[in-house]
Every structure is written in C-alpha cells, then in structure tokens.
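In order, the protein sequences belong to chains U and S.
Read in my numbering, the first sequence has 29 at position 29, and its numbers run on one by one without any break.
Read in my numbering, the second sequence has 136 at position 72, and its numbers run on one by one without any break.
Beneath this line is the structure, given in structure tokens, with notes to follow.
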Amino acid sequence: MADLTLTPNIASGDDFYEELIEAHDGLSKEDSDAYNARLLLVLANHIGDREVLSAAISAAKRKT
Amino acid sequence: MLDDRYTLAYKLYPYARHADQNAGKPVRHPVVVMGGGPIGIATALDLAQQGIPVVVLDDHEGVGMGSRAICFAKRTLEIADRYGAAKPMVDKGVVWNIGKVFHKDGQVFDFNLLPEEGHAFPAFINLQQPYFESFMIERAFELQKQGAPIQIRGKNRVDNVTVKDDHVVLEIMTPDGPYTMETDWLIGADGASSPLREMLGYDFTGKVFQDSFLIADIKMKSNNFPTERWFWFEPSHGSGASTLLHKQPDDVWRVDFQIGWDIDRKEEMKEENIRRRLDAFLGDDADYEMVWSSIYTFQCKRMESFRHGPVLFAGDAAHQVSPFGARGANSGMQDVDNLGWKLGMVISGLAPESLLDSYNSERVHGAEENILNSTRSTDFITPKSEMSHLLRNAVLELSEHYEFARPLVNSGRLSVPCVYDGSTLNSADALANGPDRTRPGASCPDAPLADGFLLPKLGGQFTLLAINTEVPDALTVDGITATTLSLNTKDDKSGALAERYLGEAKSAVYLIRPDQHVAARREQYDENLFRAALKRATGKE
Ligand SMILES: Cc1cc2nc3c(=O)[nH]c(=O)nc-3n(C[C@H](O)[C@H](O)[C@H](O)COP(=O)(O)OP(=O)(O)OC[C@H]3O[C@@H](n4cnc5c(N)ncnc54)[C@H](O)[C@@H]3O)c2cc1C
Chain U
1 MADLTLTPNI ASGDDFYEEL IEAHDGLSKE DSDAYNARLL LVLANHIGDR
51 EVLSAAISAA KRKT
Chain S
65 MLDDRYTLAY KLYPYARHAD QNAGKPVRHP VVVMGGGPIG IATALDLAQQ
115 GIPVVVLDDH EGVGMGSRAI CFAKRTLEIA DRYGAAKPMV DKGVVWNIGK
165 VFHKDGQVFD FNLLPEEGHA FPAFINLQQP YFESFMIERA FELQKQGAPI
215 QIRGKNRVDN VTVKDDHVVL EIMTPDGPYT METDWLIGAD GASSPLREML
265 GYDFTGKVFQ DSFLIADIKM KSNNFPTERW FWFEPSHGSG ASTLLHKQPD
315 DVWRVDFQIG WDIDRKEEMK EENIRRRLDA FLGDDADYEM VWSSIYTFQC
365 KRMESFRHGP VLFAGDAAHQ VSPFGARGAN SGMQDVDNLG WKLGMVISGL
415 APESLLDSYN SERVHGAEEN ILNSTRSTDF ITPKSEMSHL LRNAVLELSE
465 HYEFARPLVN SGRLSVPCVY DGSTLNSADA LANGPDRTRP GASCPDAPLA
515 DGFLLPKLGG QFTLLAINTE VPDALTVDGI TATTLSLNTK DDKSGALAER
565 YLGEAKSAVY LIRPDQHVAA RREQYDENLF RAALKRATGK E
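Next up, the structure:
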C-alpha cells in the first residue's frame, strides 16, 4: 500500500497551477463547479488505491 | 369494525368460522404467523413442509391489489422452489437482462446482467406481487389437500398480544366477534407498519428519505418498448427528477416518477394529473390504460432485534428498505429461509432455543447489508445537498465517455443473497484455495449436474456434499442427520461444479445447512471435525 504523498510531487508546479486556473476560464460558477467535480473523479480514479483516497479525503479537511 | 384497509386483487381465503372460536377456552398452537403477505405465507410453507402445524392469521381475505414488488431475484426463486411454488412464477414472469441508464435526453450507458450459465433460475424475473403471493397461497392449498398441517384464516385480525414465559396469548377479532388463541411461537410478518411491533413497544429506527415517487402501472396498447430496465436521471420531459420504466407480464409497464417531497398527494393521484406526466414522458400519441397507481415515500429502518423470546419478526415488520435494488420481499424471503429450519428443529426438540438467536444475528447482518445498499442508491438517485447533486451529475456526465465512472452510477444495486460471514454457526474455512463464493456462510450457487441441477438435490435438510472423495452415507449427531450427496467432476461437463465448489482444490466435502448455506468445508472427510461442524451449525456449541 502506498502512502498519500503530502510533499511536493508535481514537477513544474506553477505550470500546473496555471493550467488548472485556465481550465476554468470563461466558465460560469455552475459550470466551473461541475468541472471541478469531474476533474476530482478523474483524478480519484487514477489514484485508485482506497486507502490513499481515504487519506486524501481527510487530509483535505484540515484547514489550519 | 373489520373493514378492509386495501382492495383485494384475489379473494383466496374467505372468512370461515373455525372450531377454535367455539372451544370455550383458548386453543394452543405450536406456531402462529401474524400476517399473510408473501413473507407470512412463505413461513407457513416452510414449516408445513417440515410437518409442523402452522396457522396464518390475516386481517384480509386474500391478496392486495396493486403490485408493490415487481423484481424477484434468483435466490428468491430458489427458495420458492424448495416450497414447490417457483414454477408458475417463472412461467408467468418476464426475464430481463439489459438495463439502460439515461441522463437528461441522452443514453449514458447500458449494462447486461450477464447471467452466468448453469443455474436453474434466471438472475431476475419481473412479476406483479399479487401473482407472486397467490402462487404461494395456491401451493399452501395444495399442501393442505395432501394433508399438510397448514391453515390460513382470513379476516382474523390480531388486536392484542400478551407475551408469557413460554407462550403468547392472542386476542383476535373476526366478523363473528373476538376469540382468544395461544401459541408457543409467534411470527410477526405483519408488514412495515407492524401492529405487533407497536403492541409490544419495539422501536423501528433508521432514515426517512425526503422524496416521493409516483408509481403508475400501465397497460400499453401499442407495445413498443423492449424488455429492459430503463432509468432516466433528470429526464428532459420534466415529469420527475428521475424516471424508471420496467416491463411486467400482461403487457404492463411500471413507470416510476420521482416527484419531490412537498407535494399535494390528492392532487397528484388524480388520473388526469398522472396522465399528464405519462403523456409528457411517452408522447401524446401513446395509447395506454392505467392499471394501478400509488405514491410512496421510503425509508430504511430496522428493529434492533428480530427475536424477543417466543416472538420472531420477519420481512418488512423487521426491516424496511427503499425499493431501489429490489431488496424488500427478496430479503424477507431470505429471512424465512433462515428461520424455517431453525424453528423447525427447536420445535422438534432437536436443537436448543439458542439456535434462534442466530436467526437474529444472521438476518440483522443481512438487513444491514440491504439497508446500506438501498441507502446508497437512494442518496445517488435523490441527492439531498447541492454538492452531492453536483458530484452525482459529474459521475453521469463522465460515464457517457469514460468507462471508469460507470460502476459509480447507482440506480439500485440488485438484491443478491447475503453471506453470513462470521456467523457463530460457521466452522472455519478449511478448504485451501477453495472458491470464495462458496466459503462458509455463503448460499450455495446452483450448478448443472448430469441429471438436473444441484440445488434441488440439497433439498431442505443438512447435506454432506462430497466431490471427488469418499464420505459415509450419512452423518447423524444427536438425532440430526446430514445425508450424503456424492458427486464427481468426471460428470461435470460444463465445469461449473468444479469452478464453484473446488477452485484449485482436488476434492471437497461441504456441510450444507437446510437453507442451502455452507456451514463448513474441507478437502477430505474427517468424522470428528464434521460432527463438530454439525453441532456448531445447530447451535450446540
Ligand atoms: C413501490 C414498492 C416497490 C417494491 N418493489 C419491490 C421489488 O421489486 N422487489 C422486492 O423484493 N420488494 C419490493 N418491494 C417491497 C415488498 O413489497 C415488501 O418487502 C413485501 O411486501 C413485504 O412482505 P411482508 O409479507 O413482510 O409484508 P406485507 O406484504 O406488508 O404483508 C403484511 C400482511 O399482514 C397483514 N396484517 C397487518 N396487520 C395485521 C393484523 N393486525 N392482524 C392480521 N394480519 C395483519 C396485512 O394485511 C398483510 O397481508 C416494494 C415495495 C414498494 C412499496
């Protein structure tokens, strides 16, 4: 079982972040929300590992 | 005073005054079943076939109009087959395999139940509940004619119940006035709003869903829909937040519209309003006749315990689920399957009363599984928060293009038999590399044999199933006999027996319970170990 990676893991982070923001360009709030939901599901399926997903679900709950 | 609460489809057991009513003092019976719905009647068939006298009391005189349940699962048919009632069900029922899921106007994907070969019964049939019930009642009459000790008393309403240490006293209302009866055991099969549960003050807790569904069963004059299950999420015809279309026998189709929580029931039930929804859905030129309609809300609830001394609850009285997944009547039939032989053995003095506690633990386990599945389906179909709605629609949109999302679409997870993992009646699995699906606790899958199918040969008693190995003709422990069924994979042309019961093992011996669930298995026979397993399976350990 792999652990949830919580250290930097994306090669060019700024690029990725920009691409993510751009994907929302021109979308209404509603479409943007729907897009996020689809993206989340695509990523979750790619990860697949149930324990990693659970770890991610709780990691994202933490705000401070 | 004894008015019908619902209209009858068939009057099958008209009230007839019974000698018990003239006896002057209460007559004692071994088993009384309160409620003559599908679960009560099935219980009576199970017990009567074991030769145990059983009296069913119902406050009506037959089967109610209107088909609540329409989907009956293979396991239910296998159980009904043990009761001698499955053939007419299959003859009348509609077999279906294809399901289609739509979102808005477009088809998202379709699925095939892909029924596995080598089973006597199909994965599912659709059949109106009144047929399902009346086939079992007719079977009860047939057994009666053959001398089986089974009685069904119509217009006998149980009004009051007093539980004593070793029996129960019933006050019964009839058109001729009240009478009193006693019973050693009382089965509460009086449905979801169980008056018995109320009388005894037991809780029924769980979740109520804030939505309603309008059912319309319609007879199509021009029949242009295939025999498939079609489910729409957010259909653009706007007649419901979801819509289900499913075929039944006699050219009747079930249409289900999800119509929301805050509705005016009376208004919605007007034929013109139902027709307005149907026309929007089917098109103005659709030619149909309305057979039955109803509005229902649903809940997932259960009793804390299904056994209270001499009182045992089964079917909807014990647990209720939302209809998605067809887990209502189908799970009730599994209750009966589980309870019948245990109660039979206790009454015959062959097993300790504590065996009945395993009815509670095994069927509570089953109910939890059904409630979990039905709750999840309901949450998917009727999402209650904005975000769950958003995620639900994201799943639907993705499934149109990507296979990965399809397993997440949940328009009902269809009923499959419960596996009693961890039951106190199981012996540890001792068949190395044996198939998972036949592990202790599982219900036996059918398999074709040289002459017919496996399940009918297991009958309704304990069986020692030996495959490719020698075992004695029978094993008897304290009056309980497991009879042997010896098979060899040389005769297993399809390979199904080996695949389902051996896996990688060369040989296997199974101890199978009367309800056709596996109690123990190992590669070779060992008298001491199987004696212990039989004791354990009958609550003597
Ligand atoms: C819309 C809908 C769709 C469904 N679809 C399916 C499906 O596809 N598949 C499936 O498996 N299940 C389905 N179900 C569930 C199924 O209908 C029930 O699980 C089933 O009817 C339960 O049977 P029962 O015998 O426990 O109770 P019931 O059928 O409710 O029978 C109880 C009986 O007890 C009698 N009674 C009540 N009080 C007394 C009293 N005081 N004295 C004497 N008698 C009394 C009643 O008159 C009745 O005859 C559906 C349910 C609904 C509402």
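Just so you know, even glycine gets a beta-carbon here, dropped at the ideal spot from N, CA and C.
Interface flag, residue i vs chain S, CB-CB below 8 Å
i                      : result
arginine 38 (chain U)  : yes
aspartate 33 (chain U) : yes
leucine 41 (chain U)   : yes
asparagine 9 (chain U) : no
Limits of the beta strand (DSSP E) - the one that residue i falls within
i                        : result
valine 582 (chain S)     : 582-586
asparagine 176 (chain S) : 170-176
valine 127 (chain S)     : 126-128
valine 316 (chain S)     : 316-322
lysine 448 (chain S)     : Unbroken run through lysine 448 (chain S): none, as it is neither H nor E.
glycine 163 (chain S)    : 162-167
isoleucine 282 (chain S) : 269-284
glutamine 215 (chain S)  : 214-217
valine 483 (chain S)     : No beta strand (DSSP E) contains valine 483 (chain S), which DSSP labels as neither H nor E.
Span of the alpha helix (DSSP H) around residue i
i                        : result
alanine 44 (chain U)     : 29-47
arginine 203 (chain S)   : 193-209
serine 58 (chain U)      : 50-59
aspartate 15 (chain U)   : 13-23
aspartate 248 (chain S)  : Run containing aspartate 248 (chain S): none in the alpha helix (DSSP H); it sits in the beta strand (DSSP E), 241-252.
alanine 431 (chain S)    : 419-445
glutamate 332 (chain S)  : 329-332
alanine 601 (chain S)    : 591-601
alanine 144 (chain S)    : 138-146
tryptophan 296 (chain S) : Taken as a continuous stretch (DSSP letters only), tryptophan 296 (chain S) belongs to no alpha helix (DSSP H), being part of the beta strand (DSSP E) at 293-297.
glycine 115 (chain S)    : Note, glycine 115 (chain S): premise wrong, no alpha helix (DSSP H); not H, not E.
C-beta neighbour in chain U for residue i, strict 8 Å
i                           : result
glutamate 461 (chain S)     : yes
phenylalanine 468 (chain S) : yes
leucine 455 (chain S)       : yes
alanine 305 (chain S)       : no
alanine 150 (chain S)       : no
alanine 253 (chain S)       : no
alanine 458 (chain S)       : yes
Close-in-space but distant-in-sequence residues of the same chain around residue i (CB under 6 Å, 5 per side omitted)
i                        : result
valine 127 (chain S)     : Ala73, Tyr74, Pro194, Glu197 and Ser198
alanine 55 (chain U)     : Leu4
isoleucine 134 (chain S) : Asn190, Gln312 and Arg318
lysine 271 (chain S)     : Cys364
glutamate 568 (chain S)  : Asn497
leucine 320 (chain S)    : The sequence shown places aspartate at residue 320 (chain S), rather than the leucine named in the question. Counting only Cβ-Cβ distances below 6 Å, and skipping sequence neighbours, we find Phe277, Ile279 and Leu308.
alanine 187 (chain S)    : Lys138, Leu177 and Pro179
Proximal residues to residue i (C-beta, below 7 Å), its chain only, five neighbours per side dropped
i                        : result
leucine 419 (chain S)    : Lys406, Met409, Val410, Thr602 and Gly603
aspartate 579 (chain S)  : Asp401, Asn402 and Trp405
methionine 284 (chain S) : Asp315, Trp317 and Tyr352
cysteine 482 (chain S)   : Gln398, His429, Gly430 and Glu433
Distance CB(residue i)-CB(residue j) smaller than 8 Å
i                        : j                        : result
arginine 139 (chain S)   : serine 507 (chain S)     : yes
leucine 495 (chain S)    : arginine 586 (chain S)   : yes
aspartate 223 (chain S)  : isoleucine 214 (chain S) : no
leucine 528 (chain S)    : alanine 546 (chain S)    : yes
arginine 577 (chain S)   : proline 499 (chain S)    : no
alanine 381 (chain S)    : serine 258 (chain S)     : yes
arginine 595 (chain S)   : leucine 549 (chain S)    : no
alanine 204 (chain S)    : alanine 108 (chain S)    : yes
tyrosine 589 (chain S)   : glutamate 534 (chain S)  : yes
isoleucine 362 (chain S) : proline 387 (chain S)    : The question names isoleucine, but residue 362 (chain S) is phenylalanine in the sequence shown. Going by C-beta atoms, phenylalanine 362 (chain S) is nearer than 8 Å to proline 387 (chain S).
Backbone secondary structure at residue i - three-state DSSP
i                        : result
glycine 567 (chain S)    : coil
aspartate 348 (chain S)  : coil
asparagine 190 (chain S) : strand
asparagine 224 (chain S) : strand
threonine 107 (chain S)  : helix
threonine 502 (chain S)  : helix
alanine 562 (chain S)    : helix
glycine 476 (chain S)    : coil
proline 257 (chain S)    : Residue identity differs from the one stated: residue 257 (chain S) is serine in this sequence, not proline. Coil.
isoleucine 544 (chain S) : strand
methionine 65 (chain S)  : coil
methionine 237 (chain S) : strand
Ligand 3 heavy atom lying under 7 Å from the CB of residue i
i                      : result
aspartate 84 (chain S) : Among the ligands present in this structure, namely ligand 1, ligand 3 is not found.
Residues near residue i in its chain [Cβ-Cβ closer than 8 Å; skip 5 each side]
i                       : result
asparagine 45 (chain U) : none
glutamate 368 (chain S) : Tyr266, Asp267 and Thr269
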